[in-house]
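For reference, the structure is listed below as structure tokens.
2 protein chains.
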Amino acid sequence: MNIGEAARQSGLPAKTIRYYEDIDLVVPRRGGNGYRSYSPTDVHKLQFVQRARGLGFSVQNCRTLLSLYEDENRASADVKAIAEGHLAEIEAKIEELKALRHTLKHLVDNCHGDHRPHCPIIDGLAGPEH
Amino acid sequence: MNIGEAARQSGLPAKTIRYYEDIDLVVPRRGGNGYRSYSPTDVHKLQFVQRARGLGFSVQNCRTLLSLYEDENRASADVKAIAEGHLAEIEAKIEELKALRHTLKHLVDNCHGDHRPHCPIIDGLAGPEH
DNA sequence: TATAAAGGTTCCAGTTACTGGAAGGTCAAG
DNA sequence: CTTGACCTTCCAGTAACTGGAACCTTTATA
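Which chain is which? The protein sequence lines are C and D, in order.
Here the first sequence stands for residues 18 to 147, numbered as in the working numbering.
Here the second sequence stands for residues 18 to 147, numbered as in the working numbering.
Structure follows, in structure tokens:
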């Protein structure tokens, strides 16, 4: 099938699918007219990548996961290790954002938000001494 | 003062400070030798940006905040609006990441993580039907 | 004074994961 | 035969830096 149909079935933009070919993630055969020709297996891979990206896995991780997906002799431990690593990153990011939110909320809550220039947010950003 | 000292005082890498000049965020004068010469005011601006970036504000927002920082006639409402917008983005991001974490944790918890190939994580990524 | 280290300069390229757009080839329908 | 949908490649841009090369200036030391 052509890239348009592959896009429909995978939920990925055609542009992205071309990009995935560019970086050797999912490489289709070519028809006589030069068009990309996606097999059902190719589409499964695209769907796989679409879901993995949707869960925030990096393209590099997707590459590894895809090879594990295709490896009948994989060890589930290898998959789990990647997922746990990613989970740890997500949790770290959440904590980081919570800390930012905490600080920012303080500043916002103390700002009158009126026409006057005095502003605790600006003061906070300018630093303790100023 | 030279860029090195400005870097020390602002906590920003010299590379980043040069970049900020490139994008017209903080532009110093130049000495006779062609070296960048940072005034105390320039350094305050760099510190301001460093803190704002540390709170996750985009460089574009930093640009606006910096102009408000320098505007004696600013309305604190303008500052607050930017901060609230950013806060909302942070909160949205946190929710998004929490949802990812939830899904991912499910998958990870159900994976044995041993030498065998069966893997709920892979199955989850492959999709419902497969 | 020679020189070497430290610190400054510019410019180019790479990072992540796409996305937009231009110029042009192919195909199915009417 | 033309129109429109779909396909192709290639180039550039995004955000916010970061690394590195090649080269110049200043400062400290032998």
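Note that CB positions come from ideal geometry on N, CA and C, so glycine has one too.
| Item | Value |
| --- | --- |
| Does residue 75 (chain C) come out as helix, strand or coil in the three-state DSSP assignment? | coil |
| At 8 Å on the CB atoms, spell out the chain D contacts of residue 104 (chain C), in chain order. | 118, 121, 122 and 125 |
| Closest to residue 36 (chain C) by C-alpha separation, out of C:53, C:135, C:49 and C:118, would be which residue? | C:53 |
| What are the start and end residues of each continuous alpha helix (DSSP H) run of 4 or more residues lying completely inside the region 44-111 of chain D, in chain order? | 57-71 and 76-87 |
| Would you call the region 25-32 of chain C in contact with the region 53-69 of chain C, where contact means no fewer than 3 C-beta pairs closer than 8 Å? | yes |
| Please report the straight-line C-alpha distance between residue 133 (chain D) and residue 99 (chain C), rounded to a whole angstrom. | 16 Å |
| Measuring CA to CA, which of C:101, C:108, C:30 and C:59 is closest to residue 44 (chain C)? | C:59 |
| Examine chain C for any beta-carbon lying closer than 8 Å to the beta-carbon of residue 93 (chain D), and answer yes or no. | yes |
| Would you mind sorting residue 69 (chain D) into buried or exposed? The rule is 16 or more other CB atoms within 10 Å of its CB. | buried |
| Could you tell me whether the Cβ of residue 28 (chain C) comes closer than 8 Å to any Cβ of chain D? | no |
| For residue 141 (chain D), does the three-state DSSP call read helix, strand or coil? | helix |
| What residue from C:22, C:84, C:116 and C:18 has the CA that sits closest to residue 47 (chain C)'s CA? | C:18 |
| Taking residue 39 (chain D) as part of the alpha helix (DSSP H), name the residues at either end of that continuous run. | 31-39 |
| Drop a sphere of 10 angstroms on the beta-carbon of residue 67 (chain C), count the other beta-carbons inside from all chains shown, and report buried for 16 or more, exposed for fewer. | buried |
| So residue 111 (chain D) packs on residue 114 (chain C), CB below 8 Å; how close in whole Å? | 5 Å |
| Pick out whichever of D:40, D:145, D:143 and D:131 has its Cα sitting closest to the Cα of residue 93 (chain C). | D:131 |
| If we count the other Cβ atoms within 10 Å of its Cβ and call it buried at 16 or more, is residue 144 (chain D) buried or exposed? | exposed |
| Taking 7 Å as the cut-off, is the C-beta of residue 145 (chain D) nearer than that to any heavy atom in the ligand ATP? | Among the components modelled here there is no ligand, and therefore nothing to report on the ligand ATP. |
| What are the boundary residues of the alpha helix (DSSP H) that residue 148 (chain C) is part of? | Summary: the structure shown does not reach residue 148 (chain C), with chain C confined to residues 18 through 147, and so no result is reported for it. |
| Would residue 139 (chain C) and residue 76 (chain D) qualify as a contact pair, given that the criterion is a beta-carbon distance under 8 Å? | no |
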